[in-house]
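Shown next, in structure tokens, is the structure this report addresses.
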Ligand code: SF4
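Here is the structure:
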């Protein structure tokens, strides 16, 4: 392909996708704001949770903690409680740590440049670029899993051979990074999905070498019969139980173990200790001992 035909293809893809996005973008609440706190919150919520669930929790969380200052000052136990239903509770802690950093080290304002954003607790390359683009208008690529999938289907050879970030940066339409990144994510989220891409509905079907025939639909994985419940489920159950306990109250460790695992016995004490150590290390629980017994609560 000559350089001019590559350029033409790029322009056509940009035009078709941006036109489609303009007509089809879902009115997600975080698309109606440039507030850095709200953008960051949405990005962290969306990391491991479906859009439909985030849409329910996001406004509720914003009402309770409307800005960095409120979240920084809040009791950690209340933040973990407010995160209920989202899973992966570490994200709630990380968000509070970031808020405290913003208040204490950056005068209450989220830094705007990607390098500084990446120095905040738990902010990686994607989140830093997404926040810089969506909140501060930086003309930068933000490659999440959806964007990566769409680009690698549109440019199968290049995506395999080169860094996907480099490709994403080359594809950015001048001055339209916000819409472009959102459009790629939207397409990846609702049309160019991982297992059953809707190529008939796709605005890029004429421009895509992977359209229709080349994509094999993945068969759903056969579920292995589950004999053991993963520890992350028990972690979630422990936090869910602690959320239900009244403020300033705690629960004895063995009683908690029986609550989250009805067949728990003292022979599994080592397993319980490891689980609690992990939660303590992550800052999600607080432990105190009294009368040779261990009591647990959410952090104060
Ligand atoms: S045509 Fe199909 S494979 Fe190509 S971008 Fe569209 S949905 Fe994805």
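In this note's numbering, the protein residues as written are 3 to 302.
Every residue gets a Cβ at the ideal spot worked out from N, C-alpha and C, and that includes glycine.
- Spanning the alpha carbons of residue 61 and residue 95 requires a straight line of approximately 18 Å.
- Distances from the alpha-carbon of residue 49 to those of 213, 180, 91 put 91 closest.
- The way I'd put it, the segment 135-150 does touch the segment 33-47; three or more beta-carbon pairs between them come closer than 8 Å.
- For residue 99, the enclosing alpha helix (DSSP H) starts and ends at 92-107.
- Non-local C-beta neighbours of residue 177 in its own chain, meaning closer than 8 Å and more than five positions away in sequence, comprise 141, ordered along the chain.
- With contact defined as three or more Cβ pairs closer than 8 Å, the segment 179-196 and the segment 16-26 are in contact.
- For residue 169, the three-state secondary structure derived from DSSP is helix.
- Checking the 8 Å criterion, the Cβ of residue 152 is within range of a heavy atom belonging to the ligand SF4.
- With contact defined as three or more Cβ pairs closer than 8 Å, the segment 229-249 and the segment 269-284 are in contact.
- Take residue 45, set aside five residues on each side of it, and the residues of its chain with a beta-carbon closer than 7 Å to its own are 129, 132, 133, in chain order.
- Secondary structure note for residue 271: its alpha helix (DSSP H) is the uninterrupted segment 271-283.
- A residue is called buried when at least 16 other Cβ atoms come within 10 angstroms of its Cβ; residue 196 does not meet this threshold and is exposed.
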